[in-house]
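*Asks:* I am attaching a structure below and will ask some questions about it afterwards.
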Amino acid sequence: GSCGSDEKVHLLSTLRCAAFNYRNESSADALARLCPNGIDFFFDNVAGSLRLAVLNFMNRGGEILTCGRIAKYDAASGEAGGDPEREEILKRENGLKDHGQFYVGNWEHEFIACTAE
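When we follow our numbering, the leftmost residue of the sequence shown carries the number 1418, and every step to the right adds one.
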């Protein structure tokens, strides 16, 4: 996972999750260190430059599910370091399956049944 503090990295490590502090290490360096065999699934909450870095490390046929785009929400303008054209090229060339934007409201009709169980 990508975190903004060493404390969060430590917390994730106690849960047996590999993580890095994006304030202290570039995404590309961290991904090369933590994911030497590539990435098969990406649950994206950030977008921007982190998304582009992850797409560069994804294995052929990998899958992407986007839940948020905080880098875009926080950016005054532009892509917050991302490159949408390059993202599309990487997805196409590597056969990545992009499931699009996850929106919990799409399952609102199942809420009652799920909470009754």
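Ideal placement from N, C-alpha and C gives every residue a C-beta, glycine not left out.
Quick caveat: nothing in here was measured; it's all calculated off a predicted structure.
Going by other Cβ atoms of all chains shown within 10 Å of its Cβ, with 16 needed for buried, is I1529 buried or exposed?
*Replies:* Exposed is the call here.
*Asks:* With DSSP as the reference, identify every bridge partner of N1438, one or two as the case may be.
*Replies:* Paired residues: C1420.
*Asks:* How many angstroms separate the CA atom of E1424 from the CA atom of T1431?
*Replies:* 11 Å
*Asks:* Look up I1456 in the DSSP assignment and give the residues it is bridged to.
*Replies:* Answer is M1475, bridged to I1456.
*Asks:* Hey, quick one: how far does the beta strand (DSSP E) through D1515 stretch, first residue to last?
*Replies:* 1514-1518
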